[in-house]
Each structure stands twice: as C-alpha cells, then as structure tokens.
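In the working numbering, the protein residues as written are 1 to 490.
Everything below concerns the one structure shown next.
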Ligand code: GDP
C-alpha cells in the first residue's frame, strides 16, 4: 500500500506556513474552479473577472451593493510555473461581433485579480482601504478523480478497474481491452509495443465510458481523459493487470513494470497536483452541466451522481490520516453550480437547483462527505438568451429568444448561426428526486423529459457601449460571488 502523505510532510508544512505568512500581509483567497470537460469553466472565469473589472450588474454581491468596491484589476499571478488563464483571448471571443464561445479548459491555469475595497467599521479606521487578491485556479475536474489513487496500491487499483470493466455494459472498447488482457502472457518478456497497445486500448475504453453516449462514467486515471501537458508522454503508458490466483507476481515481468509505472504516475503526477494546487485552495466551485446530462439521456443522471461522489470524495482526502491537520484540504466552502441555466426558462431554475441538490446530497452520502459548507445554485455565466412569451393556439408559452449555433436543429429546421429564433425549451421534470430514481432505473418517460435544448451563440458586445465598459449578461453570478468571497470584505 502506498503511503503518499508521509513523503509530503516537510514541503507541505513549509508551503502552508508560507501561505499563512503571505495571507496576513496580503489577504488572498485561492478559488478553485473545476468541473468535467465542457461544464463551463472557461466561460465562468471569463465572465466573473469581466463583471468585476467592468462593474457589471451584481446586486447580490454585498460589498459591491454597499458601494465598498473601489476597483478590480488583473495583476501578475504568484505562481510562475503555472500557465496563465488566457483571459484576454477568451474575453475577445465572447465580446467579438459575431461572438463565439472561447476554447475550453485542457489543463491547469491561474489568474490573479486584485480587488481594492473599503473595509467595514474598525477595520476601516485601522487600515483604511485594503486589497484582496483573488487567485483563480482553473483545473479539469477529471484530475480530481486521481486523488482517489493517492492511497491505492497498483494491485487494488487494477482489481477495481478490471472488475468495473467486466461488470460494465460490454461495448466496443471495453471488449477490445478485456480481450487484450485475456490474451496477454504476463510471464513473457516485456515488449514496449505491447505495453503501448494495452495502454492505448485502456485509454480508449476510459474515453468511451465518459463519451456522450455513455456520458459521465468518469474513471481514473484522470490524465488518460484530460492529459494536459502530459499528452503523448510515456508517463501515461500503463494499464491495470491482474494475475491468475496462485501465480507468483515475481515471475511476471509485465506485472513489475506496470506496477513501477503506476507508482511513478502517482508520485510524479498525482501527488504534485495535490500538494501544489489542490491542498492550497480556500474555496471551490464545481461546475456541473446537469442540463447536458438530462439531454444525454436518463442513464447519464445516475452516472453524473457517480462522478459527483468521486469529486466529493476527493474533498475528504486525508481525513483519517495522522497528518490530516496539514494535509486535509483547507477548503471551507464548496459551491455546486448547475451551469447554462439560460437554456431553460427562469420558472424552471428552482427545479434545476433541486435536481443538482438531490444529486449532491446522494453523492455526499456515498462519499461520506462532511466538513465544508456546501451550497447549490443554478447559474449562467453568460446569458445567451432572453425570455419572451409567445401565444400559440390560445396558450401562452414561455420561450427563449436567441441565435442558435450553426448546425443546431429543431425538427427539420437547421439553423445557420445568424438567424434569431424563439424556442419553447420544454419543462424540466417536476420532481427531481423522482427523476433521479427513474434515471437510476432507466425508466424516465418521454413525458417527464419533454425538453428541447438548443445551443445558442453568446450575445456578443453591445455596439453602443465603449469596449472598456462592456459587461457580460449573466444569471446569479452575484450570488456566486457573495457565497464564495463576500465574507472576506469586512
Ligand atoms: P470547460 O471545458 O469547462 O472550460 O467549458 P467551457 O467554459 O469552454 O464551456 C463549454 C461550452 O458550454 C461553451 O462552448 C458553451 O457552448 C457552453 N456554455 C458554457 N457556459 C455557458 C453559459 O453560461 N451559457 C450558455 N448558453 N452556454 C454556456
């Protein structure tokens, strides 16, 4: 069994002390922004930063509503070794004419926003104006899955992974990978091309499991799904292997080699991510494309629940370790946000929140999660639609008006990416708990899932407004800010 935390002691203690010292001099919040691929991280960060810098409409963000925010501006980030979040490029995409969605997150990045503000009461008399550094750390949610590997030996991981593949629905890639395993002679002399083939088949299986068709069955290693800077690296050339009962592991060169590579992955990839990034976060937002899961089909809901328990499980890391005081993530607030809420009418936002609430509650139970304060909201970092009421057959239908993306279709109608349209998006299931139960058993009827999701173009810049003043329309980004950082301005 690997004992990952022991070897982190001195450096982690040093990092914690250094962070604490810095925090006293310059109050800093490290905000983690994560979520599975395409959940909306890039769009979220760009909108959040833009709305703070340009003074967007944020009435429920109390320091701004009280007129105590003086200015917000970007500064060089503290960690030179992490790529910078390409805010300017993403903003240019969103505000160009016609506007486009920015390129999505592929790896970790960071951005420092400094907010000058007037503190309250005594603090104001003592210190006058103050500055808060908001360090935003954007990272793929897939990488969180790897934290479960920290306490897992190769044998445990291999047993679990192979069992999961054998018990899962047989698919093209799972069958190909399992066939490869059955045919591999573990006592033969190692051939690099055989290891490469096994790793490629294993990766294809993992990617298939989380593809749109089998959405959200997200299994570690996370870098096999979202390699970031390790794309094409030999560090990702391994796969799980089990010997037959009674076989001697020392007689299997493949076994020792794969075990060595797995251990190297945990030591050189997973631990540094945990130590250098994850364990230093103060607050965390997890973005969830619950509407996308609904759209993908009923089974995707229970798969999403599975993925969320893995995510919540990672926030429990180190809980039972003797070094937990140092190593336990210090995150004290976690926000789960159902993104892209502008795809449904506002009268459905409560149902969307209810759905995610149900998902996270069950996920919390499974992950035995306790600790940080958790909140759930439905948001849109960028509001791409407006609401309108259309009369049809004497009935008033709440519709969404926007410009559907090129290629989106509704019945026979295929949109060209320029034409505006009013669309009735349908209704979310009335009872989220019931929808989830049906989702688990795969029996949600089409009546309860009467929805039509169309992807829209972002609204783009407003020709009448100077670029420096342009803000991004959103839904509830002020509530998000209030929960995540509002308490740090007293
Ligand atoms: P990432 O992979 O988590 O970085 O995801 P992105 O931020 O790139 O978002 C993926 C896609 O989701 C975008 O290209 C948009 O099509 C869509 N999207 C994200 N946020 C919103 C939103 O607030 N409103 C709408 N309508 N679409 C969004």
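Ideal Cβ placement from N, Cα and C applies to all residues, glycine included.
From a predicted model like this one, the values you see are computed outputs, not experimental measurements.
TODO: State the beta-bridge partners of residue 377 as determined by DSSP.
DONE: According to DSSP, which records beta bridges pairwise, residue 377 is partnered with 337.
Task: Distance between residue 100 and residue 257 (C-alpha atoms, nearest Å) - done: As the crow flies, the alpha-carbon of residue 257 is around 46 Å from that of residue 100.
Open item on the list: Please identify the residue among 28, 33, 29, 471 whose C-alpha is closest to the C-alpha of residue 335.
Closed with: Shortest Cα-Cα distance from residue 335 to any of 28, 33, 29, 471 involves 33.
- [ ] Flag residue 102 as yes when its Cβ comes closer than 7 Å to any non-hydrogen atom of the ligand GDP, and as no otherwise.
- [x] Yes, since a heavy atom of the ligand GDP falls inside the 7 Å radius drawn around the Cβ of residue 102.
Open item on the list: Going by DSSP in three states, residue 277 sits in which element: helix, strand or coil?
Closed with: Coil.
Open item on the list: Any heavy atom of the ligand GDP inside 7 Å of the beta-carbon of residue 380?
Closed with: Yes, Cβ of residue 380 sits closer than 7 Å to a heavy atom of the ligand GDP.
Open item on the list: Beta-carbon within less than 8 Å of residue 514's beta-carbon, same chain only, minus the 5 sequence neighbours each way: which residues are those?
Closed with: This structure cannot settle anything about residue 514, because the visible part of the chain is limited to 1 through 490.
Task: residue 327 versus residue 279: straight-line alpha-carbon distance, rounded - done: Low per-residue confidence applies at residue 327: pLDDT is 46, beneath 50, and the placement is therefore not dependable enough to give any value.
Task: Through-space distance from residue 284 to residue 323, alpha-carbon basis - done: Its pLDDT being 38, under 50, residue 323 is placed unreliably in this model, and the value from its coordinates should be taken loosely. Going by the C-alpha atoms only, they are around 22 Å apart.
Task: Boundaries (first-last residue) of the alpha helix (DSSP H) holding residue 264 - done: Per DSSP, residue 264 belongs to the alpha helix (DSSP H) from 253-265.
- [ ] Would you mind listing the beta strand (DSSP E) stretches within the region 45-69 that are 3+ residues and don't spill past its ends, in chain order?
- [x] Complete beta strand (DSSP E) runs here, min 3: none at all.
TODO: Run the proximity test for residue 40: is its beta-carbon closer than 7 Å to any non-hydrogen atom belonging to the ligand GDP?
DONE: Flag set: Cβ of residue 40 near the ligand GDP.
Open item on the list: Quick check on residue 154: does DSSP put it in helix, strand or coil?
Closed with: In the three-state scheme derived from DSSP, where H, G and I count as helix and E and B as strand, residue 154 is classed as helix.
Task: For residue 378 and residue 315, believed in contact at Cβ under 8 Å, the rounded distance - done: A Cβ-Cβ separation of about 21 Å leaves residue 315 out of contact with residue 378 under the 8 Å criterion.
Open item on the list: Assuming contact is defined by CB atoms lying nearer than 8 Å, are residue 47 and residue 486 in contact in what I supplied?
Closed with: No, the pair does not count as a contact, with Cβ atoms beyond the cut-off.
Open item on the list: Could you check whether residue 490 and residue 119 sit closer than 8 Å to each other, using their CB atoms as the reference points?
Closed with: Yes, the Cβ-Cβ distance between residue 119 and residue 490 is below 8 Å.
Task: CB contact flag (residue 205, residue 233, <8 Å) - done: No; because the gap between Cβ atoms is not below 8 Å, this pair is not in contact.
- [ ] Using three-state DSSP, classify residue 85 as helix, strand or coil.
- [x] Annotated three-state conformation of residue 85 is coil, per DSSP.
Task: Bounding residues of the alpha helix (DSSP H) (the contiguous stretch that carries residue 222) - done: Note, residue 222: alpha helix (DSSP H), 222-225.
Task: Integer-rounded CB distance, given that residue 381 should sit under 8 Å from residue 474 - done: Rounded to the nearest angstrom, the Cβ distance from residue 474 to residue 381 is 6 Å, consistent with a contact under 8 Å.
- [ ] List the endpoints of the continuous beta strand (DSSP E) containing residue 423.
- [x] From DSSP, the beta strand (DSSP E) with residue 423 extends over 421-423.
TODO: Take the Cβ of residue 154 as the centre, count every other Cβ of all protein chains shown within 10 Å, and call the residue buried at 16 or more, exposed below.
DONE: Residue 154 is buried by the Cβ-count criterion.
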